[in-house]
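As structure tokens, the structure follows; a few thoughts come after it.
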Amino acid sequence: MSEQVDVIVVGGGLAGLVAAHELVKAGRRVAIVDQENEQNLGGQAFWSLGGLFLVDTPEQRRLGIKDSVELARQDWFSSAGFDRDREDHWPRQWAQAYVDFAAGEKRSYLHDLGLKVMATVGWAERGAGAAGGHGNSVPRFHITWGTGPEVVRVFREPVLEGASRGLVTFHYRHQVDDIIVENGAAVGVRGTVLVPSTQRRGAESTREAAGEFEMRAQAVVVTAGGIGGNLELIKKNWPTERLGPAPAHMISGVPAHVDGRMLGITESAGGNIVNRDRMWHYTEGIKNWDPIWPNHAIRIIPGPSSLWLDATGKRLPVPNFPGFDSLGTLGTITRGGHDFTWFILTQAIIEKEFALSGSEQNPDFTGKDVKLLLQRVKKGATGPVEAFKSNGVDFVVRDNLRDLVAGMNEITTGPALDFEQIEAEVVARDRQLENKYTKDMQIMAIRNARSYLSDKIIRVAKPHRLQDPKYGPMIAVRLHLVTRKTLGGLETNLDSQVIRPDGSAFDGLYAAGEIAGFGGGGVHGYNALEGTFLGGCIFSGRAAGRALARDLG
Ligand SMILES: Cc1cc2nc3c(=O)[nH]c(=O)nc-3n(C[C@H](O)[C@H](O)[C@H](O)COP(=O)(O)OP(=O)(O)OC[C@H]3O[C@@H](n4cnc5c(N)ncnc54)[C@H](O)[C@@H]3O)c2cc1C
């Protein structure tokens with residue numbers, strides 16, 4: 368290819384679009400290279416709920432939430448648990464800078480591009496129970512009005528405008544296989560031109576080759592995403608000592624293009640990978656009854672009330688409550704020797720507490736449809752949740768507990784469940800509701816959540832006995848483990864420039880988004896606070912674009 372460009376961006380996901388946007392603003396010429404077709408522009412971010420970690424915002428203040436950059440920093444560093452000298456050198460600095468961004472410029476940067484967040488603020492990842500431990504002390508999960516497609520739109524449109532001025536070219540179905548390095552500097556990429564694909568967005572596409580390509584530029588930015596679609600690589604990097612044995616079975620929370628290949632390719636070119644063993648998966652996955660990508664998982668973002676049982680029917684130990692500590696619960700499950708668990712709940716709980724992660728699962732937020740949105744406060748679960756209840760292979764709905772357990776036994780892939788044992792768990796829990804006080808920490812947590820106005824109105828059901836027919840029918844959901852995010856990755860400095868194994872900066876090579884562990888090779892450390900991934904793509908993609916706009920000849 369003879370086209371003259373300043374920068375090659377490998378990967379047209381969110382991080383790539385943000386980097387391209389910053390370069391276009393500075394009048395630089397960019398080539399965006401992606402292995403998928405044009406339907407997929409925006410990558411994973413399109414499918415996201417558009418949840419953004421923001422600190423001390425007008426939305427929080429209106430809801431009476433007292434947040435501050437100091438509190439957010441305390442939460443971030445307690446959750447991250449950085450403990451490695453070399454590997455956490457840049458991640459610590461990224462974490463400091465990212466929390467400042469989330470408490471400062473992030474909201475106005477996005478707002479100026481036309482992005483608005485909703486008035487309610489979600490309380491994700493509520494933590495492991497200690498002030499100085501993992502988790503968000505306060506609600507910080509701001510959902511984009513328009514969800515993931517809107518996050519993509521605000522960057523896609525200025526980049527397309529740049530294309531109309533001749534500053535940006537797109538090279539779809541171009542799979543990068545190699546980074547060209549000359550005299551110690553990255554000067555281009557080469558790879559395979561794949562046969563055209565007419566697959567819809569998110570669907571797996573063929574890797575059949577139609578030819579080869581080579582492109583050159585002053586710099587290369589790698590924004591090719593993480594490893595969440597590559598179960599083999601996840602298992603290879605799995606931290607057995609922290610999370611127990613790698614599960615035999617997981618369902619996929621990301622499209623197949625999140626294949627992790629560019630990590631190995633960039634490493635072979637001389638980039639350094641750190642914190643490979645840090646990853647972020649979920650424990651509340653259900654099989655999509657209407658799948659888009661292979662093994663398609665949908666994650667339930669749960670409220671706190673469902674009773675959580677292991678595969679044998681025993682309640683999970685404290686503090687493994689729904690929505691509190693993702694990796695803590697994952698470790699509990701995998702160390703228990705099974706790869707699925709059960710929620711037991713009621714119709715009243717599903718109506719208020721089941722949110723499904725994914726733009727397509729929230730047509731009201733995604734379509735900015737106020738009329739549809741108002742149906743959330745009416746009786747009944749949302750349409751997509753009801754559709755899962757009727758069509759999902761993981762759902763059992765019955766009028767009483769005995770029938771419910773019989774239904775669970777019909778679909779279990781583990782040991783047969785004993786009705787008496789499950790009944791004892793349910794009765795023990797329900798007896799704790801007789802008084803305003805209790806020794807049951809999950810019920811304490813439910814009451815605590817309801818002292819936050821937004822949770823009380825839209826997110827947390829009034830505490831009730833699970834066997835009370837007034838709140839029924841009873842529901843059981845089989846929950847699978849879901850792959851999702853990569854917390855480690857290419858080591859980068861605060862300009863998103865890739866670092867070599869000897870600690871020096873790699874001339875001409877930059878990385879941003881999930882492949883860079885969202886900045887530095889692991890800005891989250893061991894644990895995330897949620898809504899931090901899109902923001903991490905934005906912050907690290909912006910850093911790469913701005914540094915190149917400043918430094919290129
Ligand atoms: C269902 C879902 C819900 C989510 N919800 C949230 C949320 O609410 N909040 C939040 O913060 N985060 C959320 N996330 C996470 C977030 O969306 C992702 O972490 C983020 O979008 C990753 O962006 P990226 O640009 O780094 O990579 P990607 O989006 O994965 O894009 C990478 C691109 O690179 C291309 N590519 C890869 N390898 C090559 C190669 N060799 N050659 C050419 N091209 C290549 C791929 O085709 C792809 O287009 C969610 C993710 C999913 C899937």
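For the sequence shown, the working numbering assigns the number 368 to the initial residue and increments by one for each residue that follows.
Idealized CB from N, CA, C, for every residue including glycine.
Exercise for review: Measure the alpha-carbon distance for arginine 523 versus glycine 409 and round it to whole angstroms.
Suggested key: Distance from the CA atom of arginine 523 to the CA atom of glycine 409, rounded to whole angstroms, is 8 Å.
Exercise for review: Flag alanine 861 as yes when its Cβ comes closer than 7 Å to any non-hydrogen atom of ligand 1, and as no otherwise.
Suggested key: Inspection of the sequence shows that residue 861 is occupied by leucine rather than by alanine. Incorrect: leucine 861 has no Cβ contact closer than 7 Å to ligand 1.
Review point. What three-state label does DSSP hand serine 369 in the structure shown?
Key: Confidence in serine 369 is poor, its pLDDT being 49 and thus under 50, which makes the residue's placement too unreliable to answer from.
Point to revise | 7 Å Cβ shell around isoleucine 813 - same chain, five flanking residues per side excluded | key: So the list reads Pro671, Ser672, Val827, Pro830, once near-sequence residues are dropped.
Review point. From what residue to what residue does the alpha helix (DSSP H) around methionine 811 run?
Key: That run of the alpha helix (DSSP H) goes 808 to 816.
Review point. Are there three or more Cβ pairs, one per stretch, closer than 8 Å when the segment 457 to 473 is compared with the segment 901 to 913?
Key: Touching, yes, given that three or more Cβ pairs across the two stretches are closer than 8 Å.
Check your understanding: Beta carbon of valine 794: closer than 7 Å to some heavy atom of ligand 1?
Key -> False, no ligand heavy atom lies under 7 Å from that Cβ.
Review point. When the Cα atoms are used, what is the spatial distance from glutamate 437 to valine 764?
Key: Rounded to the nearest whole angstrom, the C-alpha separation of glutamate 437 and valine 764 is 45 Å.
Review point. DSSP on aspartate 918, reduced to helix/strand/coil?
Key: Helix at aspartate 918.
Review point. Curious, which full-length alpha helix (DSSP H) runs of at least 4 residues does the segment 739 to 763 contain?
Key: Qualifying alpha helix (DSSP H) stretches, in chain order: 750 to 758.
Exercise for review: Return the chain-ordered list of same chain residues with a C-beta closer than 6 Å to the C-beta of glutamate 881, the five sequence neighbours on each side being excluded.
Suggested key: If the five residues before and after glutamate 881 are omitted, its C-beta is found closer than 6 Å to the C-beta atoms of Gly592, Gly593, Thr853, all from its own chain and listed in chain order.
Point to revise | glutamate 753 versus valine 844: straight-line alpha-carbon distance, rounded | key: Their backbone Cα atoms lie some 13 Å apart in a straight line.
Check your understanding: Is the number of C-beta pairs between the segment 495 to 512 and the segment 410 to 419 that are closer than 8 Å three or more?
Key -> The segment 410 to 419 and the segment 495 to 512 touch, with three or more beta-carbon pairs separated by less than 8 Å.
Point to revise | Touch test, the segment 449 to 468 against the segment 486 to 497, Cβ-Cβ under 8 Å, three pairs minimum | key: Per the Cβ contact rule, the segment 449 to 468 is not in contact with the segment 486 to 497 (fewer than 3 Cβ pairs under 8 Å).
**Study point:** is_contact[threonine 487, chain D] using C-beta, thresh 8 Å
**Key:** This model lacks chain D altogether; it includes just one protein chain.
Exercise for review: Assign glutamate 549 to buried or exposed, taking buried as 16 or more other Cβ atoms, counted over all protein chains shown, within 10 Å of its Cβ.
Suggested key: Exposed, since its Cβ has fewer than 16 Cβ neighbours within 10 Å.
Practice item. Just mark isoleucine 810 as buried or exposed, buried being the case when its beta carbon has 16 or more other beta carbons within 10 Å. Key: Per the 10 Å Cβ criterion, buried.
Exercise for review: Put threonine 514 into one of helix, strand or coil per three-state DSSP.
Suggested key: Looking at threonine 514 - three-state DSSP - the assignment turns out to be helix.
**Study point:** With 16 other Cβ atoms within 10 Å as the buried cut-off, status of leucine 561
**Key:** Leucine 561 should be labelled buried.
Practice item. Taking only the alpha-carbon atoms, compute the straight-line gap between phenylalanine 762 and proline 525 and give it to the nearest angstrom. Key: Between phenylalanine 762 and proline 525, the C-alpha separation is close to 43 Å.
Exercise for review: Along the beta strand (DSSP E) that carries histidine 478, what are the first and last residues, could you check?
Suggested key: For histidine 478, no beta strand (DSSP E) run applies; the uninterrupted alpha helix (DSSP H) run containing it begins and ends at 472 to 479, by DSSP.
Check your understanding: Three or more C-beta pairs closer than 8 Å, one from the segment 425 to 441 and one from the segment 867 to 880: is that the case here?
Key -> Output reads no: the segment 867 to 880 does not touch the segment 425 to 441.
Review point. Looking only at DSSP bridge pairs, what is phenylalanine 508 linked to?
Key: Answer is Phe420, Gly489, bridged to phenylalanine 508.
Check your understanding: Is the beta carbon of threonine 780 less than 8 Å from the beta carbon of leucine 598?
Key -> Threonine 780 places its beta carbon 8 Å or farther from that of leucine 598.
Point to revise | Distance between alanine 464 and glycine 734 (C-alpha atoms, nearest Å) | key: Roughly 33 Å separates the two Cα atoms.
**Study point:** CA-to-CA distance, histidine 648 to alanine 497, given in whole angstroms
**Key:** The alpha-carbon of alanine 497 is positioned some 22 Å away from that of histidine 648.
Exercise for review: Could you tell me the distance, in whole angstroms, from the CA atom of valine 554 to the CA atom of leucine 534?
Suggested key: Annotation: valine 554 to leucine 534 spans about 19 Å, alpha carbon to alpha carbon.
Point to revise | glutamate 720, buried or exposed, once every other Cβ within 10 Å from all chains shown has been counted against 16 | key: Result: buried.
Check your understanding: Helix or strand or just coil, what does DSSP make of tryptophan 675?
Key -> Three-state DSSP puts tryptophan 675 in a strand.
Review point. What three-state label does DSSP hand alanine 940 in the structure shown?
Key: Any property of residue 940 remains undetermined from this structure, which presents the chain solely from 368 to 920.
Review point. Leaving out the 5 sequence neighbours to the left and right, which residues in its chain are closer than 6 Å to alanine 354 when beta-carbon positions are compared?
Key: With the chain covering 368 to 920 only, the question about residue 354 has no answer from this structure.
Check your understanding: When the distance is taken between beta carbons, is threonine 650 closer than 8 Å to threonine 696?
Key -> Yes, the Cβ-Cβ distance between threonine 696 and threonine 650 is below 8 Å.
Check your understanding: Would arginine 574 be called buried (16 or more neighbouring beta carbons within 10 Å of its own) or exposed?
Key -> Exposed, by the Cβ-count rule.
Exercise for review: Pick helix, strand or coil for lysine 803, following the three-state DSSP scheme.
Suggested key: Secondary structure at lysine 803: coil, using DSSP grouped into helix, strand and coil.
Review point. Count the other CB atoms within 10 Å of the CB of alanine 783; is the residue buried (16 or more) or exposed (fewer)?
Key: It is exposed - the Cβ of alanine 783 has fewer than 16 other Cβ atoms within 10 Å.
**Study point:** Inter-residue CB distance, threonine 708 and glycine 611 (contact presumed, cutoff 8 Å)
**Key:** At roughly 14 Å, the Cβ-Cβ gap does not stay under 8 Å, so threonine 708 and glycine 611 are not in contact.
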